[in-house]
Amino acid sequence: MIYLQVNNLTKRFGAELILSNIKLEIKQNDRIAIVGRNGAGKSTLLNIIAGNLSYDEGEIHKPKDVTLGYLAQHTGLDSTETIWDEMLKIFSHLLKEEKELRSMEQQMGDSDLLADTEKYQQLLVSYDRKQEAFKQAGGYEYEPEIKAVLNGLDFPESMWDTSIATLSGGQKTRLALGKLLLTKPNVLILDEPTNHLDIQTLTWLEGYLNSYQGAVVIVSHDRYFLDKTVQIVYEISRHESKKYHGNYSKYLKQKAANYERDRKLYEKQQTEIKRMEDFIQKNIVRASTTKRAQSRRKQLEKMEVMDKPLGDEGSAKFSFNVERRSGNDVLKVNDLAFRYNNAEPFTFENLNLELTRGESMALVGPNGVGKSTLLKNIIGELDPDKGTIQLGANVKIGYYDQEQTQLHHEKNVLSELWDDYPLMNEKDIRTILGNFLFSGDDVLRPVSALSGGEKARLALAKLMMEKANLLILDEPTNHLDLDSKEILESALIDYPGTILFVSHDRYFINKLATQVLEMQPQHTTVYLGDYDYYVEKKQEEKELEELKREQSKEIDTKPSTKSDFKKEKELKREQRKKERRIREIEAEMEELETALAALEAQLCLPEVYQDHEKSLQLTTESEELKKQMEKHMEEWESLHMDE
Numbered sequence: 001m002i003y004l005q006v007n008n009l010t011k012r013f014g015a016e017l018i019l020s021n022i023k024l025e026i027k028q029n030d031r032i033a034i035v036g037r038n039g040a041g042k043s044t045l046l047n048i049i050a051g052n053l054s055y056d057e058g059e060i061h062k063p064k065d066v067t068l069g070y071l072a073q074h075t076g077l078d079s080t081e082t083i084w085d086e087m088l089k090i091f092s093h094l095l096k097e098e099k100e101l102r103s104m105e106q107q108m109g110d111s112d113l114l115a116d117t118e119k120y121q122q123l124l125v126s127y128d129r130k131q132e133a134f135k136q137a138g139g140y141e142y143e144p145e146i147k148a149v150l151n152g153l154d155f156p157e158s159m160w161d162t163s164i165a166t167l168s169g170g171q172k173t174r175l176a177l178g179k180l181l182l183t184k185p186n187v188l189i190l191d192e193p194t195n196h197l198d199i200q201t202l203t204w205l206e207g208y209l210n211s212y213q214g215a216v217v218i219v220s221h222d223r224y225f226l227d228k229t230v231q232i233v234y235e236i237s238r239h240e241s242k243k244y245h246g247n248y249s250k251y252l253k254q255k256a257a258n259y260e261r262d263r264k265l266y267e268k269q270q271t272e273i274k275r276m277e278d279f280i281q282k283n284i285v286r287a288s289t290t291k292r293a294q295s296r297r298k299q300l301e302k303m304e305v306m307d308k309p310l311g312d313e314g315s316a317k318f319s320f321n322v323e324r325r326s327g328n329d330v331l332k333v334n335d336l337a338f339r340y341n342n343a344e345p346f347t348f349e350n351l352n353l354e355l356t357r358g359e360s361m362a363l364v365g366p367n368g369v370g371k372s373t374l375l376k377n378i379i380g381e382l383d384p385d386k387g388t389i390q391l392g393a394n395v396k397i398g399y400y401d402q403e404q405t406q407l408h409h410e411k412n413v414l415s416e417l418w419d420d421y422p423l424m425n426e427k428d429i430r431t432i433l434g435n436f437l438f439s440g441d442d443v444l445r446p447v448s449a450l451s452g453g454e455k456a457r458l459a460l461a462k463l464m465m466e467k468a469n470l471l472i473l474d475e476p477t478n479h480l481d482l483d484s485k486e487i488l489e490s491a492l493i494d495y496p497g498t499i500l501f502v503s504h505d506r507y508f509i510n511k512l513a514t515q516v517l518e519m520q521p522q523h524t525t526v527y528l529g530d531y532d533y534y535v536e537k538k539q540e541e542k543e544l545e546e547l548k549r550e551q552s553k554e555i556d557t558k559p560s561t562k563s564d565f566k567k568e569k570e571l572k573r574e575q576r577k578k579e580r581r582i583r584e585i586e587a588e589m590e591e592l593e594t595a596l597a598a599l600e601a602q603l604c605l606p607e608v609y610q611d612h613e614k615s616l617q618l619t620t621e622s623e624e625l626k627k628q629m630e631k632h633m634e635e636w637e638s639l640h641m642d643e
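Position 624, counted from 1, in the sequence shown is what the UniProt record's numbering calls 624; the numbers after and before it change by one each time, with no gaps.
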């Protein structure tokens, strides 16, 4: 089923063209990413699809019964309710129905009504009908759903009675996402949903979106997240859209292959055109060959000349070098502990790490564990309560702060660099800024007027000029578009020094890390590999722990007599039989769902719904399939309840 179609859409802000000839299609269960440079118009397109912005030309088709849910960037839930009560508002219709059911149950216990058999029977029938409708609408599932979403988005039960008004901006953003997920629109439209999420929460969100019963449209700079969640990519470039099938990594390969193919075809055609023009020029004046030359000229005039394929739009170009090489031992941290004041528990303690020259270590761990705080301890901005920090010989630190507090907002872009290096020529400073996409009058703009991405590029320019041999980076990919992230990755991969960094960008960690240090409040663990290796080892540890628990459980519950053994054997046989039947039911239900979907797809065809007899036949078949599914569901629930 097609939920929404965008055809030849154009959008301008004043005289400035933002989007042109945009084509996009959203079908049921589609997982779509919209990618492109910062400023390409991705958020504008989402706002137009969501109905929040008008457009100048084109068409958007959406069936009336299709619902859209939109989460904008930096959206926070504004409410004075508690977290739990705010989530309950979504299900107010179910709460009302539940109240009516409780009222009917009370009536059933009324002795006067019990005496009136006819009225009592009518009440029973009405109650059964209402209870079934309540069940079908999810009346017995909404509380577990709320709990699952709140826990998944890192709101433990201890927080559910907290007033939303007292939460941080990041927490309000996560709650806005949670509320949207619970409303379950047909099309989820998410603009940067991964902001303010730690890696554990990101992993939960990926699983939730992959099993979501509807379509999902995402704008995100998290490439790992896109690889895990989408199967279609629309690229917005030079105002227009282009569709690619596959996840983000496949899109990159397909885009590169398409460019190489088009470039070769263009060059081949240009060679052929030159050959034909040379032939025409040499032979047009000769009586013996003029007819052949005229024939070639007609061929040339009719030829559809290819446009030269356009490569990537202007990209930043930079590299990181070192002024001098450090010793082999770069950094040693021993038994470090830190807290912000003596009245509070330690943010972290018993922290140890070692870095040698050329290594690249990623710090990971839950939000609030102190990753950024650790970096500030290492650079000397904060003092530890316990432990030691040792820098090796000739170590020079370059620090990238995710908040960009080292930028001077009262200066302009040119002065921000030139004041630190006053002996350099203005031309050389401008060249460096040009490599970071600041050209012409851009360099005279005040730092305070820059976007998040522009400030990030300026901070990276300053970092590059320091030529430090130990880079300490706190969320360096924040605010960068996908292209800028890839340029930064390439520069850091070629960097001859040592790197210690904090990042929630798992794709970036995979590209850069030679080891991963997981921080927990009381201890740290080092994994000698990239992010995927870290996840694999964590899964192995979890499975090993579960195996130990199972073995311990088996020892504790080992049958003491032959009678107990026979009884346990019989129970296991019954359990296996039950599990086999559950699998059979699930397989049968999957077949029924597939058949039902096929019937419903046929019912949407004009040639079918205009044919009354065919439509009636398919509707009857559809109802029969639904009855079979309901019967299977009842048996499935019964088997699960017996467990």
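Where a beta carbon is used, it is the ideal one built from N, C-alpha and C, also for glycine.
Chain-order list of residues whose beta-carbon lies under 6 Å from that of ASP227 (same chain, five-residue window excluded) = Cβ neighbours of ASP227 beyond the five flanking positions: ASN247, TYR248, SER249.
With a CB to CB cut of under 6 Å and the five nearest residues on each side skipped, what residues in its chain are close to GLN281?
-> Same-chain partners within the cutoff: there are none.
Proximity below 9 Å, CB of ASP307 to CB of TYR259 | Judged by beta-carbon spacing, TYR259 lies beyond the 9 Å limit of ASP307, meaning their Cβ atoms are not closer than that value.
On a CA-only basis, which of GLU426, HIS409, TRP418 is nearest LEU450? Give me that one, please.
-> Its Cα nearest to that of LEU450, the residue HIS409 stands out among GLU426, HIS409, TRP418.
What residues are listed by DSSP as bridge partners for TYR495?
-> In the DSSP assignment, TYR495 is bridged to no other residue.
THR162: which of LEU124, GLU206, THR82, ALA133 sits nearest, CA to CA?
-> Closest by alpha carbon: THR82.
Please state whether DSSP places SER372 in a helix, a strand or coil.
-> Note: SER372 maps to helix in three-state DSSP.
Residue 671 and GLU349: beta carbons closer than 9 Å?
-> For residue 671 there is no data in the structure shown, the boundaries of the chain being 1 and 643.
Cβ neighbour criterion (16 or more within 10 Å) applied to PHE13 | Within 10 angstroms of the beta-carbon of PHE13 lie fewer than 16 other beta-carbons, which makes it exposed.
Through-space distance from ASP530 to ILE60, alpha-carbon basis | Their backbone Cα atoms lie some 44 Å apart in a straight line.
Output the residue ranges of the alpha helix (DSSP H) runs that lie fully inside the stretch 376-428 and measure 4 residues or longer, sorted by chain position.
-> Positions of the alpha helix (DSSP H) runs, each at least 4 residues long and wholly inside the stretch 376-428, are given as 413-418 in order along the chain.
Cβ neighbour criterion (16 or more within 10 Å) applied to GLU192 = Its Cβ being crowded by 16 or more others within 10 Å, GLU192 is buried.
Identify, in the order they occur along the chain, each residue of the same chain with its Cβ nearer than 8 Å to the Cβ of ASN510, setting aside the five sequence neighbours on each side.
-> The answer, listed in chain order, is TYR224, ASP530, TYR531, ASP532.
Do you know offhand how far THR594's Cα is from ALA587's?
-> Taking the CA atoms as reference points, THR594 sits about 11 Å from ALA587.
Whole alpha helix (DSSP H) elements within the stretch 15-96, 4-residue minimum = The stretch 15-96 is shown to contain whole alpha helix (DSSP H) runs of 4 or more residues at 42-49, 83-88, in chain order.
Have a look at ALA148 and GLU157 and give me their C-alpha separation to the nearest angstrom.
-> In a straight line, the C-alpha of ALA148 is about 10 Å away from that of GLU157.
Taking residue 676 and ILE487 to be in contact with their CB atoms under 8 Å, please state how far apart those CB atoms are, rounded to whole angstroms.
-> Given a span of 1 to 643 for the chain in the structure shown, any question on residue 676 remains unanswerable.
Rounded separation between GLN5 and THR67 - CA only = Within the model, the alpha-carbon separation for GLN5 versus THR67 is close to 14 Å.
Helix, strand or coil for ASN469, going by three-state DSSP, please let me know.
-> Here ASN469 sits in coil by DSSP.
What do you get for ALA40, buried or exposed, if any count of 16 or more other CB atoms within 10 angstroms of its CB means buried?
-> Under this definition ALA40 is a buried residue.
Length-filtered (4 minimum) alpha helix (DSSP H) runs lying within the stretch 183-232 = Whole alpha helix (DSSP H) segments, 4+ residues: 199-210, 223-229.
Rounded to a whole number of angstroms, what is the C-alpha to C-alpha distance between GLU607 and GLN213?
-> About 28 Å.
Stretch pair the stretch 373-382 + the stretch 430-446: three plus CB contacts closer than 8 Å | Judged by pairs of C-beta atoms under 8 Å, the stretch 373-382 does not touch the stretch 430-446, as fewer than three such pairs exist.
Below 8 Å, can you find three or more Cβ-Cβ pairs linking the stretch 463-476 to the stretch 391-402?
-> The stretch 463-476, when compared against the stretch 391-402, does touch it at the 8 Å Cβ threshold.
By the 10 Å Cβ neighbour count, where 16 or more other Cβ atoms means buried, how is LEU310 classified, buried or exposed?
-> Looking at its Cβ environment, which holds fewer than 16 other Cβ atoms inside 10 Å, LEU310 is exposed.
Keeping to the same chain, check which residues put their C-beta closer than 8 Å to that of ALA343; ignore five residues upstream and five downstream.
-> Here the set comprises nothing.
Looking only at DSSP bridge pairs, what is GLU518 linked to?
-> According to DSSP, GLU518 bridges with VAL364, THR525.
Would you report the Cα separation of GLY76 and HIS504, rounded to the nearest angstrom?
-> Distance between the alpha carbons of GLY76 and HIS504: 21 Å.
CA-CA distance, GLY139 and GLU637?
-> C-alpha separation (whole angstroms): 15 Å.
Are ILE49 and ILE164 touching if we call contact CB-CB under 9 Å?
-> No.
Test item: CB-CB of SER20 and HIS239 under 9 Å | Less than 9 Å divides the Cβ of SER20 from the Cβ of HIS239.
Compute the distance between the beta-carbons of PHE436 and PHE508, then report whether it is under 9 Å.
-> No, the Cβ-Cβ distance between PHE436 and PHE508 is not below 9 Å.
Cβ pair residue 644, LEU512 closer than 9 Å | Because the chain spans 1 through 643 in this model, residue 644 falls outside it and cannot be assessed.
Helix, strand or coil at TYR140 according to DSSP, with G and I counted as helix | Here TYR140 sits in coil by DSSP.
By how many angstroms is the C-alpha of ASP110 removed from the C-alpha of GLU118?
-> One alpha carbon belongs to GLU118, the other to ASP110, and they sit about 14 Å apart.
Measure the Cβ-Cβ separation of PHE134 and LEU94 and say whether it is below 9 Å.
-> Their beta carbons are under 9 Å apart, which means PHE134 touches LEU94 by this criterion.
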